[in-house]
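Novice: Protein chains in written order, with our numbering: chain A, 1 to 344; chain B, 1001 to 1357; chain C, 2001 to 2511. All C-beta atoms in this analysis are idealised placements derived from N, C-alpha and C, irrespective of residue type, glycine included. Model, not experiment: these values are computed from the prediction.
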Amino acid sequence: MTTLTRAKNEGALAGAAGAFARSRELGVLLAFLLLLIVTVSQNPLFLFGPDGPRDLLLSPAILVILATGQAIVLITRNIDLSVGSVLGLSAWLTGRLFIDFPGIPVLLVVLAGVCFGALLGMVNGLLVAIAKAPALVVTLGTLYAYRGINVAWSHSSMINATQLPHDFLAFGIGTVFGIPSLAIVAVVVLLAAAWYLKNKRGGREFYAIGSDPEAARLYGLNVTRRLLIAFAASGALAGLSGVLFTARYGTIDSQAGSGLELSAVAAAVIGGVAIFGGSGSVWGAGIGALLLVSINRALPLLGIPDFWQQAVVGVLILGAIVLDRILSLRQAHRFTSIRESSHD
Amino acid sequence: MTETDTLVAPVTRESRKYAAYGSPLWQRVLLTREFAVIIAVIIVAIVACSSIPKFATPLTLSYLLLDLTPVLLIALPMTLILISGEIDLSVASTVGISNVVLGFLYAGGVPIELAMVICLAVGLFVGALNGFLVTVVGLPSLAVTIGTLALFRGIAVGILGTTSITTFPAFYKSLANANFPRTGIPLVMVLVAALVIVFALLLHFTPFGRGIFATGRAREVARFSGVRVKRTKFILFLLSGLLASLAGIYYTFRYGSSRGDNAVGLELTVIAAVLLGGVSIFGGRGALHGVIAGVVLIGLLQSALRFSNVTSDVINIVTGALLMASVVAPTVFAWLKSRLFSRFFPSPHATRKVRLQ
Amino acid sequence: MVMSTASMRAEAGDVVLELRGVSKSFGPVQALRDGELVLRAGSIHALMGENGAGKSTIVKIIAGLYQRDSGEFVLGGETVHFRSTADSKQSGIAVIYQEPTLFPDLSVTENIFMGRHLLKSFGRIDRAAMRGHVRRLFQRLGVDIDPDRPAEGLSIADQQIIEIAKAISLEARILIMDEPTAALSEVEASRLFAVARSLRDEGRAILFISHRFDEVYDLCDTITVMRDGAYISTDRIEATTVAGIVRKMVGRDVDSLYPKQTVPIGDVVLKVEKLTSTGQFHDISFEVRAGEIVGLAGLVGAGRSEVARAIFGIDSYESGTVTLEGRVVPRLNTVAAMQLGIALVPEDRRQQGIVLPFGLARNSTLAIKSSLARFGFITNRSENRSAADWLARLSVKANALDTSTATLSGGNQQKVVLAKWLATNPTLLIVDEPTRGIDVGTKADVHALLSKLAGEGLAIIMISSELPEVLGMADRILVMREGHMTADIPRSEATAETVMFSATHERRSAV
């Protein structure tokens, strides 16, 4: 046996593989920078206009938060398609709270939105983790149902900026030291989620469950509880997004956030989160969201009508999963040939 | 091995006979998920006809069937795809592309018949794209069709932008909406019935159909038994694209409009109907008569609710709830059963990974 | 990481685990009728029995995967009821399964510490400490695996090592190894034994499940034998002989088990030349003649099933040719292989052989569905007719043709798979572990059937990990080791020693 040399080879390779996995986020970031350079060369106002830097950071903030929640659920080998509807309900709740309870503290509203979202996410989690129904179908169902509740609740009316407190709206578009406050919230959420996934047992167990659910049970991990937490987290972040959505846009109807679930999944997948779980990071999802939103904003400046946006989203999703597949095949091939050479 | 008797001799100790079926015919027909859905359709129909004024008219039936047609057309291949263990979320976007391409070409002066043929070709092409990515590249169909859902819809929106096309030949528009004289049955039902028969035969009475079931329930067994798993799935995605584009053509004439956002979200209704009809999301189980009952049930509920002036949002809630009920019900049922007979079933922790010796 | 171990440290010789009269059924199948087992601290205890004897069921009950139906389970003096694997882990029991269960996406270190990561301040995971711990573990085990590499792509042997490292790091009082050496080379196995001995000397109790007598006699001090789901005996190892143990395991004389008759050997049916698939097997050449049963022996993971799959067109290969009766069998084309007359009864019955919830008729006609069709259409009636015929020939025990195969016993399931493939009227039958996990009676039926089929001129390749089965049934034994063919032994020269030697040593002429 040539155990020693084999192990060394594999060690070096694992290092390289690990480096590449880390560089997946870097790759998306580079794509983003490239986009920035190309767009700026066509239209410098994109970055150097009066609102350039602000818009660049403000626009993706909500999607970054949604994508973070989506990434957590995807890592556990599940999916949450209801986030757009949860966002809508939470946004409507935010508006109603301000109207029905004048003078209500903003912080309390934020808390209410987050808790409400977590509750809605928990419904998904219960159905998936305890009733053992597939997440895809459950969250498709709640996508429908939550949106229906939203329409029924709002009676197809709207909430306008005039009905909302001024300081709340100011927060939505305000800046701190020139950085949009929403972007700061998004970065804080991203940091917290990334820290948890990397440094806490619970976070690592998400990866384990997504990597092999059966093995996770054999290990004695509490899979049910973890899945509940993952869905509650995704719901809570969608709830938070709902509050921020209200603050940012001021106008809400029953369709707020509809279709955003697709963008959230797209952002996560583009950022390297595997749709069948076990790998990826919230960083990737966040940068994916940044890239996605920026591409959509850049298209008109590059002379492409903005109704091609969705097609670009589709191309990015397909490109990302095809790329992942090719890379994983190549890696598997390399592992095989290394084992092979150790035998001969 | 023609010498049957010599083979048997050392092995068999007694000659065995087998009944063809373990339970009587009525049980096999009546005690099924499919039949439960059919009963539900009948109950809803009776309740609706008796409690909603003016519901029981040929006109209602006509509108019901006309509205059902696109869902039913897409549900046929969707049933096969789900049974084979895959999913196609891009069907509504394919309807959208077909709808837009038809309008775009016709408005651009292409003869309507040629435009229709091109639409079907486009449907085949998008089906082939899905099939290629799933079977050749080896990607999960869920991820692929989420991607193509966005891509195809994006192309549909991109082609027409914010404009819409509303002029189409009167002949085809009336053909799509016409009924058989003095009945509430639309002419298009002939096409639907023919396709239902074709798909029923394909799924339940051909070796190809047997392969679909085996593939969905146990992919490895299917491979080891000479089922061409990849080819089967590729064909199913082709069929899905084809039927979705056909539904798109119908949709265009039925509503006389071609817009980028037509039929958005239709995939949800289709999947809800198919799952409600007893097809397993995990593959390997389902029957076409259940699916048809599922489609009718959803259509009937929507139509009845609309008649009672219930707004579309409640219909959404009902659809969503039905969808969840259809996947949770089997689990709950199995759970109850295992509570009752827990002694006879292995614990849920018994895993596939660690095989019994 | 510290369990309740310290307080419950047992003296060598103390009983740490005791099972009495434990039973477990799955539906109609009783997997364990009367399980008994007594483990003592500082002892390595062998558990032996044929496949299906109930060893795995006992292991899974101890591991908390299954809950016993009745009987007593006493651990450290207290009766316990484990509801999950977490419970048994908590009680200081570690199980190393035959098939390692690792998380492919996660690093080796994380695999070892999943669920009980070492922590530092603020409940943060202490990666450095875990890595150091793993390094020390690997040093002790004498392996050099990078703790940071992902588990994906590790060889089975390395995965096994990681399972063992995991168990050791658990500070388990009781260590259960379910055929840990099945896929290991001799060097790797002897390293494992050294570790096992040192663990024993630390006062732990080890349960060692193996089919290999040399290992059992080398390592263990006590031996418990099981048969057909029931306890047979427990003895000190010195008081036993191999022949005696085998008699207890089998329950009758061994010689009568494998009745391959001598029949005239015909022309070459299958010819495999220089078949190579990177990472699986190399330069495999052999022939099989009509009426001949060729045994394919070797350790698990030696590449035997892979060769069978390649011949049958399930997997591709890079170079080489397969010809059947002079006609080339195309690569990666199962349908063509079937049409040419090859049938493969696969290794994993439940994953590859039958569609479990489907009925008998559907299962036994799946491979001939196309030929049953008339004008392209197939009906239940035609399926039932063919199925009833073949199932009766193999005397499958069932009432109706739509009975779900999931309700059948392992032996009957295997007969359904055999019926399914014999219905294709093959000229070459490949059977991969044909008697794994089936009862003794059915096993004899299967052997009689194979012998009979060979007598009728069928060419048969039999892959089996049960040495007595290969020795008894095969006219000729091919041995594979790590993807290479290392021996071609005629029946007259085949003994357990010659076959095992080739399975674990490189051929002298090989590079």
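Using a Cβ cut-off of 9 Å, pull out every chain B residue sitting near residue 2402(C), in sequence order please.
Specialist: Residue 2402(C) sits at position 402 when you count from the first residue of the third sequence. Per Cβ cutoff of 9 Å: 1019, 1020, 1021, 1022, 1023 and 1028.
Novice: I need the straight-line Cα distance from residue 234(A) to residue 2033(C), nearest angstrom please.
Specialist: By one-based count along the first sequence, residue 234(A) stands at place 234. By one-based count along the third sequence, residue 2033(C) stands at place 33. Those two C-alpha atoms are separated by around 48 Å.
Novice: Find the residues of chain B that neighbour residue 2338(C), judging by a C-beta separation of less than 9 Å, and give them in chain order.
Specialist: Residue mapping note: residue 2338(C) aligns to position 338 of the third sequence, counting from 1. Residues of chain B passing the Cβ test: 1225 and 1226.
Novice: DSSP state of residue 2096(C), grouped into three classes?
Specialist: Translated into the one-based positions of the third sequence, residue 2096(C) becomes position 96. Of the three classes helix, strand and coil, the one that applies to residue 2096(C) here is strand, per DSSP.
Novice: How long is the line joining the alpha carbons of residue 2473(C) and residue 2466(C), rounded to whole angstroms?
Specialist: Position 473 of the third sequence, counted from the first residue, corresponds to residue 2473(C). Position 466 of the third sequence, counted from the first residue, corresponds to residue 2466(C). Their Cα atoms are separated by approximately 11 Å.
Novice: Does the stretch 2330 to 2344 of chain C come into contact with the stretch 2277 to 2297 of chain C, if we say contact requires no fewer than three beta-carbon pairs (one atom in each stretch) closer than 8 Å?
Specialist: In short, these stretches do not touch, since the Cβ pair count stays below three.
Novice: Is the CB-CB distance between residue 2041(C) and residue 2290(C) below 9 Å?
Specialist: Numbered from its first residue, the third sequence carries residue 2041(C) at position 41. Numbered from its first residue, the third sequence carries residue 2290(C) at position 290. Taking 9 Å as the Cβ cut-off, residue 2041(C) and residue 2290(C) do not qualify as a contacting pair.
Novice: Which residues of chain C have a Cβ atom closer than 8 Å to the Cβ of residue 337(A), listed in chain order?
Specialist: The sequence position of residue 337(A) within the first sequence is 337, counting from 1. Here the neighbours are 2278 and 2279.
Novice: Tell me whether residue 29(A) sits in a helix, a strand or coil according to DSSP, three-state version.
Specialist: What you label residue 29(A) is simply residue 29 of the first sequence in a count that begins at 1. Reduced to three states, the DSSP call for residue 29(A) is helix.
Novice: Closer than 9 Å, CB to CB, is residue 1125(B) near chain A or not?
Specialist: By 1-based counting over the second sequence, the position of residue 1125(B) is 125. Output row for residue 1125(B): interface = no.
Novice: Would you call residue 100(A) buried or exposed, if buried means 16 or more other Cβ atoms sit within 10 Å of its Cβ?
Specialist: Here residue 100(A) refers to the residue found at position 100 of the first sequence. Exposed: under 16 other Cβ atoms inside 10 Å.
Novice: Alpha carbon to alpha carbon, what distance is there between residue 161(A) and residue 185(A)?
Specialist: Along the first sequence, read from residue 1 onward, the residue named residue 185(A) stands at position 185. Along the first sequence, read from residue 1 onward, the residue named residue 161(A) stands at position 161. The straight-line gap from Cα to Cα measures roughly 21 Å.
Novice: Residue 1075(B): buried (16+ other C-beta within 10 angstroms of its C-beta) or exposed?
Specialist: Residue mapping note: residue 1075(B) aligns to position 75 of the second sequence, counting from 1. The residue in question, residue 1075(B), is buried, as its Cβ has 16 or more Cβ neighbours within 10 Å.
Novice: Alpha carbon to alpha carbon, how far is residue 1221(B) from residue 1206(B)?
Specialist: Reading the second sequence from its first residue, position 221 is the one you call residue 1221(B). Reading the second sequence from its first residue, position 206 is the one you call residue 1206(B). Rounded to the nearest angstrom, the two C-alpha atoms are 18 Å apart.
Novice: Taking 9 Å as the CB-CB limit, is residue 2061(C) close to chain A?
Specialist: Within the third sequence, residue 2061(C) is the residue found at index 61, counting from 1. Answer no: the Cβ-Cβ gap between residue 2061(C) and chain A never drops below 9 Å.
Novice: Name the residues in the stretch 201 to 226 of chain A whose C-beta lies less than 8 Å from a C-beta of chain C; which are they?
Specialist: Answer set for the stretch 201 to 226 of chain A: 201, 204, 205, 207, 208, 210, 211, 212, 214, 215, 216, 217, 218, 219, 220, 221 and 222.
Novice: Which residues of chain A have a Cβ atom closer than 9 Å to the Cβ of residue 2125(C), listed in chain order?
Specialist: As a first step, residue 2125(C) must be located in the third sequence, where it is residue number 125. Here the neighbours are 198, 199, 200, 201, 203 and 204.
Novice: Start and end of the alpha helix (DSSP H) containing residue 1183(B)?
Specialist: One-based indexing of the second sequence puts residue 1183(B) at position 183. No alpha helix (DSSP H) holds residue 1183(B); DSSP gives it neither H nor E.
Novice: By how many angstroms is the C-alpha of residue 252(A) removed from the C-alpha of residue 159(A)?
Specialist: Here the question's residue 159(A) lines up with position 159 in the first sequence. Here the question's residue 252(A) lines up with position 252 in the first sequence. So the two alpha carbons sit approximately 5 Å from each other.
Novice: What's the gap between the Cα of residue 182(A) and the Cα of residue 271(A)?
Specialist: Taking the first sequence and counting its residues from 1, one reaches residue 182(A) at position 182. Taking the first sequence and counting its residues from 1, one reaches residue 271(A) at position 271. Rounded to the nearest angstrom, the two C-alpha atoms are 21 Å apart.
Novice: Please work out which residues of its chain come closer than 7 Å, Cβ to Cβ, to residue 318(A), disregarding the five sequence neighbours upstream and downstream, and give them in chain order.
Specialist: Position 318 of the first sequence, counted from the first residue, corresponds to residue 318(A). Correct list: empty, nothing qualifies.
Novice: Could you please give the first and the last residue of the uninterrupted alpha helix (DSSP H) stretch that includes residue 2355(C)?
Specialist: Here residue 2355(C) corresponds to residue number 355 of the third sequence, with the count starting at 1. Element bounds for residue 2355(C): n/a, residue is neither H nor E.
Novice: Any idea which residues DSSP pairs residue 279(A) with across the strands?
Specialist: For the purposes of this step, residue 279(A) is taken as residue 279 along the first sequence, with counting starting at 1. Its beta-bridge partners do not exist; DSSP assigns none.
Novice: Is residue 347(A) close to chain C, meaning its C-beta is less than 9 Å from at least one C-beta of that chain?
Specialist: Residue 347(A) lies beyond the residue range present for chain A, which begins at 1 and ends at 344; the question has no answer from this structure.
Novice: Given a cut-off of 9 Å on the beta-carbon distance, is the pair residue 60(A) and residue 294(A) in contact?
Specialist: The residue given as residue 60(A) occupies position 60 in the first sequence. The residue given as residue 294(A) occupies position 294 in the first sequence. Going by C-beta atoms, residue 60(A) is nearer than 9 Å to residue 294(A).
Novice: At a Cβ cut of 9 Å, what residues of the stretch 161 to 175 of chain A count as close to chain B, listed as they run along the chain?
Specialist: Within the stretch 161 to 175 of chain A, no residue has a Cβ that lies closer than 9 Å to any Cβ of chain B.
Novice: Would residue 2005(C) count as contacting chain A if we go by Cβ distances under 9 Å?
Specialist: Taking the third sequence and counting its residues from 1, one reaches residue 2005(C) at position 5. Bear in mind that the predicted position of residue 2005(C) carries a pLDDT of just 41, short of 50, making it unreliable; the figure below should be weighed with that in mind. Not one chain A Cβ lies under 9 Å of residue 2005(C).
Novice: Any C-beta of chain B sitting closer than 9 Å to the C-beta of residue 2370(C)?
Specialist: On the third sequence, residue 2370(C) is found 370 positions in, with the first residue counted as 1. It does: the Cβ of residue 2370(C) has a partner Cβ on chain B nearer than 9 Å.
Novice: Tell me whether the beta-carbon of residue 2228(C) lies closer than 9 Å to the beta-carbon of residue 2439(C).
Specialist: Residue numbering aside, residue 2228(C) sits at position 228 when the third sequence is read from its first letter. Residue numbering aside, residue 2439(C) sits at position 439 when the third sequence is read from its first letter. Going by C-beta atoms, residue 2228(C) is nearer than 9 Å to residue 2439(C).
Novice: Could you check if residue 2113(C) is buried or exposed, using at least 16 other CB atoms within 10 Å of its CB as the buried criterion?
Specialist: Taking the first residue of the third sequence as 1, we reach residue 2113(C) at position 113. Looking at its Cβ environment, which holds 16 or more other Cβ atoms inside 10 Å, residue 2113(C) is buried.
Novice: Examine chain A for any beta-carbon lying closer than 9 Å to the beta-carbon of residue 2376(C), and answer yes or no.
Specialist: Position 376 of the third sequence holds residue 2376(C). No, no contact with chain A.
Novice: Return the residue from the list 232(A), 26(A), 138(A) and 146(A) that minimises the CA-CA distance to residue 85(A).
Specialist: Here residue 85(A) is taken as the residue at index 85 of the first sequence, counted from 1. Looking at the Cα atoms, 146(A) is the closest of the given residues.
Novice: Any C-beta of chain B within less than 7 Å: which residues of the stretch 144 to 160 of chain A qualify?
Specialist: Cβ contacts with chain B come from 144, 145, 147, 148, 149, 151 and 152.
Novice: Measuring only the C-alpha atoms, how far is residue 1320(B) from residue 1288(B)?
Specialist: In the second sequence, the residue the question calls residue 1320(B) occupies position 320. In the second sequence, the residue the question calls residue 1288(B) occupies position 288. Approximately 22 Å, taken between the alpha carbons.
Novice: Please look up how many angstroms separate the CB atoms of residue 1988(C) and residue 2164(C), rounded, as I've assumed it's under 8 Å.
Specialist: With chain C covering only 2001 through 2511, there is no way to say anything about residue 1988(C).
Novice: Taking 8 Å as the cut-off, does the stretch 123 to 137 of chain A touch the stretch 224 to 232 of chain A (at least 3 CB pairs, one atom from each stretch)?
Specialist: Yes: the two stretches touch, three or more of their Cβ pairs being nearer than 8 Å.
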